[in-house]
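Novice:
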Amino acid sequence: MKKQMKGKTLLVTILTIAVFAALSVGAEAVAGNVSGMSMLVPVLKKTAVYSLIAVSMNLLNGFTGLFSLGHAGFMLVGAYTYAILSIPVAKRAGVYQYYDGGIVQFSIPETFGNLLGESVGTVVGMLITLIIAGLIAAFLAWLIGLPVLRLKSDYLAIATLGFAEIIRTFIQYEGFAPLTNGSNTLRQYASFKSLYAYVIVAGLCIAVIVLIVNSTYGRAFKAIRDDEIAAEAMGINLAKHKMMSFIISSFFAGFGGGLMAMYMASVQAKSFTVSMTYEILLIVVIGGIGSITGSIIGTFLFVGCSEWWLRFLDDSANNIGGLNLLAPGFRMVVFSIFIMIIVLFFRRGIMGTHELPDVFRFLRNKIKGKGKGAAK
Amino acid sequence: MKKVFALLLTLAMALSLVACGSGNNGGDGDGSGDSGEKVVKIGVYEPSSGANGAGGKKEVLGIEYANSIAPTVEIGGEEYTVELVIVDNQSENDKGVSAAQQLVQEGVSIALGSYGSGVSMAAAPIFEEAGIPAIGCSCTNPGVTLGNPYYFRVCYLDPFQGSVLANLAVDEFQADVAYVFTELGDDYSVGLGEYFTQEFERLGGTVVADQNPAGNTDMSGFINAAKAANADVIFAPSSTTVASLLIDQAASAGIPLIAGDTWDDAVILQAATKSGAKVYFSTFYDEGASDEAAAFMNGFKGWLGENDDKMTNNGGTDTVSAVSALGYDAYMVALEAIKAAGSTDGDAIRDALTGVTYTGVTGDVVFDEEGDVDKNIIFIKGVDAEKGAFYSVKEQGLAE
Amino acid sequence: MELFQKILPTLLSGISAGGQYALIALGYTMVYGILRLINFAHGDIFTVAGFVMFYAITAMPLYLAIPFTILVTVLLGFTVERVAYKPLRSAPRMSVMISAIGVSYLLQNLMWYVTGGQAQQYPSIPWISGKVMVLGVETKVVTVITPFLTVILILLLVFLTKRTKVGLAMRAAAKDFETARLMGIKIDRVISATFVIGSFLAAVGSMLFFTNYSTVSPTVGMMPGLKAFVAAVFGGIGSIPGAVVGAFIIGICENIIRSLGWSTFSDAFTFALLIVVLCVKPTGLFGEKLEEKV
Numbered sequence: 470m471k472k473q474m475k476g477k478t479l480l481v482t483i484l485t486i487a488v489f490a491a492l493s494v495g496a497e498a499v500a501g502n503v504s505g506m507s508m509l510v511p512v513l514k515k516t517a518v519y520s521l522i523a524v525s526m527n528l529l530n531g532f533t534g535l536f537s538l539g540h541a542g543f544m545l546v547g548a549y550t551y552a553i554l555s556i557p558v559a560k561r562a563g564v565y566q567y568y569d570g571g572i573v574q575f576s577i578p579e580t581f582g583n584l585l586g587e588s589v590g591t592v593v594g595m596l597i598t599l600i601i602a603g604l605i606a607a608f609l610a611w612l613i614g615l616p617v618l619r620l621k622s623d624y625l626a627i628a629t630l631g632f633a634e635i636i637r638t639f640i641q642y643e644g645f646a647p648l649t650n651g652s653n654t655l656r657q658y659a660s661f662k663s664l665y666a667y668v669i670v671a672g673l674c675i676a677v678i679v680l681i682v683n684s685t686y687g688r689a690f691k692a693i694r695d696d697e698i699a700a701e702a703m704g705i706n707l708a709k710h711k712m713m714s715f716i717i718s719s720f721f722a723g724f725g726g727g728l729m730a731m732y733m734a735s736v737q738a739k740s741f742t743v744s745m746t747y748e749i750l751l752i753v754v755i756g757g758i759g760s761i762t763g764s765i766i767g768t769f770l771f772v773g774c775s776e777w778w779l780r781f782l783d784d785s786a787n788n789i790g791g792l793n794l795l796a797p798g799f800r801m802v803v804f805s806i807f808i809m810i811i812v813l814f815f816r817r818g819i820m821g822t823h824e825l826p827d828v829f830r831f832l833r834n835k836i837k838g839k840g841k842g843a844a845k
Numbered sequence: 004m005k006k007v008f009a010l011l012l013t014l015a016m017a018l019s020l021v022a023c024g025s026g027n028n029g030g031d032g033d034g035s036g037d038s039g040e041k042v043v044k045i046g047v048y049e050p051s052s053g054a055n056g057a058g059g060k061k062e063v064l065g066i067e068y069a070n071s072i073a074p075t076v077e078i079g080g081e082e083y084t085v086e087l088v089i090v091d092n093q094s095e096n097d098k099g100v101s102a103a104q105q106l107v108q109e110g111v112s113i114a115l116g117s118y119g120s121g122v123s124m125a126a127a128p129i130f131e132e133a134g135i136p137a138i139g140c141s142c143t144n145p146g147v148t149l150g151n152p153y154y155f156r157v158c159y160l161d162p163f164q165g166s167v168l169a170n171l172a173v174d175e176f177q178a179d180v181a182y183v184f185t186e187l188g189d190d191y192s193v194g195l196g197e198y199f200t201q202e203f204e205r206l207g208g209t210v211v212a213d214q215n216p217a218g219n220t221d222m223s224g225f226i227n228a229a230k231a232a233n234a235d236v237i238f239a240p241s242s243t244t245v246a247s248l249l250i251d252q253a254a255s256a257g258i259p260l261i262a263g264d265t266w267d268d269a270v271i272l273q274a275a276t277k278s279g280a281k282v283y284f285s286t287f288y289d290e291g292a293s294d295e296a297a298a299f300m301n302g303f304k305g306w307l308g309e310n311d312d313k314m315t316n317n318g319g320t321d322t323v324s325a326v327s328a329l330g331y332d333a334y335m336v337a338l339e340a341i342k343a344a345g346s347t348d349g350d351a352i353r354d355a356l357t358g359v360t361y362t363g364v365t366g367d368v369v370f371d372e373e374g375d376v377d378k379n380i381i382f383i384k385g386v387d388a389e390k391g392a393f394y395s396v397k398e399q400g401l402a403e
Numbered sequence: 501m502e503l504f505q506k507i508l509p510t511l512l513s514g515i516s517a518g519g520q521y522a523l524i525a526l527g528y529t530m531v532y533g534i535l536r537l538i539n540f541a542h543g544d545i546f547t548v549a550g551f552v553m554f555y556a557i558t559a560m561p562l563y564l565a566i567p568f569t570i571l572v573t574v575l576l577g578f579t580v581e582r583v584a585y586k587p588l589r590s591a592p593r594m595s596v597m598i599s600a601i602g603v604s605y606l607l608q609n610l611m612w613y614v615t616g617g618q619a620q621q622y623p624s625i626p627w628i629s630g631k632v633m634v635l636g637v638e639t640k641v642v643t644v645i646t647p648f649l650t651v652i653l654i655l656l657l658v659f660l661t662k663r664t665k666v667g668l669a670m671r672a673a674a675k676d677f678e679t680a681r682l683m684g685i686k687i688d689r690v691i692s693a694t695f696v697i698g699s700f701l702a703a704v705g706s707m708l709f710f711t712n713y714s715t716v717s718p719t720v721g722m723m724p725g726l727k728a729f730v731a732a733v734f735g736g737i738g739s740i741p742g743a744v745v746g747a748f749i750i751g752i753c754e755n756i757i758r759s760l761g762w763s764t765f766s767d768a769f770t771f772a773l774l775i776v777v778l779c780v781k782p783t784g785l786f787g788e789k790l791e792e793k794v
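Chains as they are written, first to last, in the numbering used here: chain L, 470 to 845; chain P, 4 to 403; chain E, 501 to 794.
So, in structure tokens, the structure goes:
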């Protein structure tokens, strides 16, 4: 029965990705033709990227109960690794304008493009670069995890936060500039153009995380979250599992950082601050700590609200009556009040620790009568 | 299985319905077909929030003022109304990308902006890919137009600005040692510092440099270091927030401060007036430079005075910022190009832009093959602490 | 003597920065001592105090503006606790910390909305914004006053915790929350008192801070806030002398690093110091050992 469940999960996941990919093609068509929908595609692209990052944070904070605030640091490493390794050689002189083109003089997507043909090779190269980005972030997580993971909840939070800041300083350091371009923007690297590419790549990664969560390791993670001492008594190796969760989470944060670099078309270390970690944390909280589908829905709502649906609140032309409340910045105030309401009154977020399929199953069982559903 | 599938599908559709229902923002309004009125859309890609929000809003004001002066344009013998589609890039690259994509989806013919080179560079590939030309107003980093045939700009570039300021340091202050203070992680600041250093050293001076990490408010360490190095001037290209901290703490050291175009701002005026520091900066616009410039100042001030909202967006004063003048010029150049192209098609406008000649309030605009203008003089302004006002120091060029 | 002349400005800046960090750090450490909560919003409350002063001075004379600012800040701290932390008293610690992050996010956005993102010049407060010569080096009066004022406030605070009833209740609550409640201590009142004192110190700290660094912008409190927190952890969170010693060490170290031309790494150094301390002596310099509860 267990095997059957696993197979089913896999199938559902793959189908879901396929459906979302198909829908995203549709969305692109809609956005081009229907007035008022111009933000649909950018919002969905960003949702895809941020979903992956939020889910990766959820794996650590929600499923393992390790409260880490270093996510922006790993995203930064991923984004920079991706960008540095995939700027076409011919464009390096322009990007590293103060450093004679920098010291990296190859581009992985370009190399693969020459090897395997322009279109296929480039995509393969980009995917490989993304994986390298994830691996470097994971390696860094291993290094940081050695001392830090022994710390308890809020000490861990503040130590990881500190590490993220340290990473950022090193990337901006003038001495490493031939590699990282210092304080200057990295740009003109290869990136995915269409929405469905983001959806598929992010979807596959999320699927992998789902599989991990449902595996024995995932159960060990949850046991650690629920009660560390009890978990240890049950024979779970705390250090090993915590480290593992930290590394996996950072791998996907790095991978997601690479995707984010693609989406942003240019990266600069200064945007990866603590505030970015906070934003992702809030997404996870909105969706429900410990729910993967929750994180995805949370991301969509967060991105949609902060960049799209609440925009009218910023336009003073929309003011009605004597109160001139609407002005630039009001949107973010309203938005942060929403967030506070969720944090205070809907502490478990939209989904709690449930997943979307659970909800459907529950609804179906309710409709059909309980007997049939329980038999499964 | 099927049911799960079906449910997922309905959910997704429901989500997109929600999206439809509550969507609609910004200036996509009437649609051109129904009313019979012909419309050409000009995108305004500027920050109205985030770190550069204050500057971005001033640039938008310049563009809106220009739009109020020239609300229509003639294309192929027909009168088109210009519709501004204003988006907010929030001074951040990732949000800027969404904003730029929104402009593309809105079908704008040309885009203007942005305040801040970083966000402009982030949007550049998106405009290029969509075949929409863009005119930068005050983004001075060479990377904005470099290698991008669709990006133009009406301001001078950092290599030139940095060199001119190095010359100013030598001409005006006979400086041998300059302390170069830049902001860590800010490409505008670091880039301008780099060009200043190159030229200053070429002129025979010595440079002592340091970088300020983001969020730091204690500048006394830098001032102490500048004093210890016997610096004759401090060159501090930086954002206005950091600048006002620096000005306040540098006053006691008695070392004059030189900076780039971001310092043309009321915040600097307040800080320098209060502390009595000696402040010089380069700027794009001087109201006494030409008749056009003077006319712009008067017109703009009058227009600002009509409406409290506008005044608030201008930082609560009627001081005319150089970025407003650049916004005005960028808009006018865009109209010239649309007229010359005789079409609302992006590629046609891009081709027309290369041939545009226009006399603006910030000087003549003729684009070279990179899409930059050749402005060979920079206005230097200073702060008159007694009167609490900016005054024109001189027009500085390069020493040969 | 010449070497001394060179080092003195650095030391002065370091001590003054340390004093300001100390005043913020006390707010962190007191709240943490009782609630085991990193009050991420504390740095923003500090910034709000700066803006309140800026607006207050346009409407009223200085001798009213100062108490007004303190009052508003204290009220804000009290309200934040009542609205955002009290309902979560029985919730996991992570939820409360997230709530604190949410409050910080809200306060920052609110400040941005109200001020339009413009940096504002802090009004100059007579007596303390003047200049003075110390051993041949010119500096602001506030730089000299800060450490003394800090020490006085801390002595008062120590007196309060050691000698008064509220202080006794605070220490009891910090030692054992549940037992203190069982002993009849009105825990909500004690917590409110803690926030009131913390916000009061933040308000005083903001006056000293912004007199020295006279620009107020919505995010200006973030870094000093984080560093003050690091100082609190460094000295042993929950310990009042620890927070103060930690703050001065961090303030001075930072300025020494800057004077050596390594400003790029001054923040990184602070955090590296924190991580080293946490790994070597997780309870900080003066912290008490916490029992692991099953």
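Even glycine gets a Cβ: it sits at the ideal position worked out from N, Cα and C.
Please confirm whether Leu1(P) has its beta-carbon closer than 7 angstroms to some beta-carbon of chain L.
Specialist: The first residue shown for chain P is 4 and the last is 403, placing residue 1(P) beyond what the model contains.
Novice: Who are the neighbours of Ile675(L) on chain E, taking C-beta pairs under 8 angstroms?
Specialist: In chain order: nothing, as chain E lies at least about 22 angstroms away.
Novice: Closer than 8 angstroms by C-beta to Val704(E): which residues in its own chain qualify, once you throw out the five before and the five after it? Chain order, please.
Specialist: The answer, listed in chain order, is Leu523, Ile570, Leu649, Leu653.
Novice: Pick helix, strand or coil for Gly34(P), following the three-state DSSP scheme.
Specialist: Confidence in Gly34(P) is poor, its pLDDT being 38 and thus under 50, which makes the residue's placement unreliable; the coordinate value appears in the next sentence. It is coil, neither helix nor strand.
Novice: Determine the direct distance from the alpha carbon of Leu168(P) to that of Ala178(P), and round the result to whole angstroms.
Specialist: One C-alpha to the other measures close to 12 angstroms.
Novice: Among Phe632(L), Val592(L), Ala552(L), Gly798(L), whose alpha-carbon lies nearest the alpha-carbon of Gln879(L)?
Specialist: The shown model of chain L, from 470 to 845, leaves out residue 879(L), and the question about it has no answer.
Novice: Please classify Tyr394(P) as buried or exposed, where buried requires at least 16 neighbouring CB atoms within 10 angstroms.
Specialist: Its Cβ having fewer than 16 others within 10 Å, Tyr394(P) is exposed.
Novice: Measuring CB atoms only, is the region 596 to 616 of chain L touching the region 709 to 725 of chain L, in the sense that at least three cross pairs come out at less than 8 angstroms?
Specialist: Yes: at least three Cβ pairs fall under 8 angstroms.
Novice: With a cut-off of 7 angstroms, does the C-beta of Asp767(E) fall near any C-beta of chain P?
Specialist: Yes, contact with chain P.
Novice: Thr185(P) and Val173(P) - do their beta-carbons sit closer together than 7 angstroms?
Specialist: No. Outside cutoff.
Novice: How is Gly746(E) classed by DSSP in three states: helix, strand or coil?
Specialist: Residue state, collapsed to three classes: helix.
Novice: Give the residues from the region 126 to 141 of chain P that approach chain L closer than 9 angstroms (Cβ to any Cβ), ordered along the chain.
Specialist: Of all residues in the region 126 to 141 of chain P, Ala126, Ala127, Pro128, Ile129, Glu132 have a Cβ within less than 9 angstroms of some Cβ in chain L.
Novice: Who are the near neighbours of Gly139(P) in its chain, counting only those whose CB is closer than 6 angstroms to its CB and skipping five residues on each side?
Specialist: Answer for Gly139(P): Ser123, Val147, Arg156, listed in chain order.
Novice: By the 8 angstroms beta-carbon criterion, what residues does the region 73 to 95 of chain P contribute toward chain L?
Specialist: Listed by position, the residues of the region 73 to 95 of chain P near chain L (Cβ gap below 8 angstroms) are Asp91, Glu95.
Novice: Nearest to Ile383(P) by CA position, among Gly80(P), Val236(P), Ile113(P), Phe287(P), is which residue?
Specialist: Nearest option by C-alpha distance: Phe287(P).
Novice: Measure from the C-beta of Gln574(L) to each C-beta in chain P and report whether the shortest distance is under 7 angstroms.
Specialist: With 7 angstroms as the cut-off, Gln574(L) does not count as an interface residue toward chain P.
Novice: Listing by chain order, which chain E residues have their CB less than 9 angstroms from the CB of Pro216(P)?
Specialist: Simply Met723, Ser763, Thr764, Phe765, Ser766, Asp767, Ala768.
Novice: Would you please verify whether the beta carbon of Gly705(E) is less than 7 angstroms from any beta carbon of chain P?
Specialist: Not one chain P Cβ lies under 7 angstroms of Gly705(E).
Novice: Hey, Gly723(L) and Phe536(L): beta-carbon distance below 7 angstroms or not?
Specialist: Not closer than 7 angstroms, so no.
Novice: Assuming Pro616(L) and Ser51(P) make a contact with CB atoms under 8 angstroms, what is their CB distance in whole Å?
Specialist: That belief does not hold up - the Cβ atoms of Pro616(L) and Ser51(P) are roughly 43 angstroms apart, past 8 angstroms.
Novice: In three-state terms, what does DSSP make of Gly366(P)?
Specialist: Strand at Gly366(P).
Novice: Kindly list, in the order they appear in chain E, the residues whose Cβ is closer than 7 angstroms to that of Met745(L).
Specialist: Those do not exist, as Met745(L) stays about 12 angstroms from chain E at its closest Cβ, beyond 7 angstroms.
Novice: Examine the Cβ distances between the region 664 to 672 of chain E and the region 683 to 695 of chain E and report whether three or more of them are shorter than 8 angstroms.
Specialist: A contact exists between the region 664 to 672 of chain E and the region 683 to 695 of chain E.
Novice: Could you name the residues of the region 247 to 260 of chain P whose beta carbon sits closer than 8 angstroms to any beta carbon of chain E, in the order they occur along the chain?
Specialist: Here the close residues are Ser247, Leu248, Asp251, Gln252, Ser255.
Novice: How would you write the range of the beta strand (DSSP E) that Gly738(E) sits in, first residue to last?
Specialist: First-last for Gly738(E): undefined, no H or E at that position.
Novice: Would you verify that the beta carbon of Tyr567(L) is, or is not, closer than 7 angstroms to some beta carbon of chain P?
Specialist: Chain P, which has a Cβ nearer than 7 angstroms to the Cβ of Tyr567(L), makes this yes.
Novice: Can you list, in chain order, the residues of its chain whose CB lies under 7 angstroms from that of Ser764(L), leaving out five sequence neighbours each side?
Specialist: For Ser764(L), where only same-chain residues beyond five positions count, the Cβ hits under 7 angstroms are Ser520, Ala523, Val524, Asn527, Ile752, Val753, Gly756.
Novice: State the DSSP-derived secondary structure class of Ile381(P), mapped to helix, strand or coil.
Specialist: Of the three classes helix, strand and coil, the one that applies to Ile381(P) here is strand, per DSSP.
Novice: Please give the ranges of any beta strand (DSSP E) in the region 227 to 305 of chain P, keeping only runs that are unbroken, at least 3 residues long and fully inside the region.
Specialist: Correct list: 236 to 238, 260 to 262, 282 to 286.
Novice: Opposite Ser395(P) in the DSSP bridges: which residues?
Specialist: Looking at the DSSP assignment, Ser395(P) forms a beta bridge with Lys384(P).
Novice: Roughly how many angstroms lie between the CA atoms of Glu587(L) and Gly727(L), to the nearest whole one?
Specialist: Whole-angstrom Cα-Cα distance: 21 angstroms.
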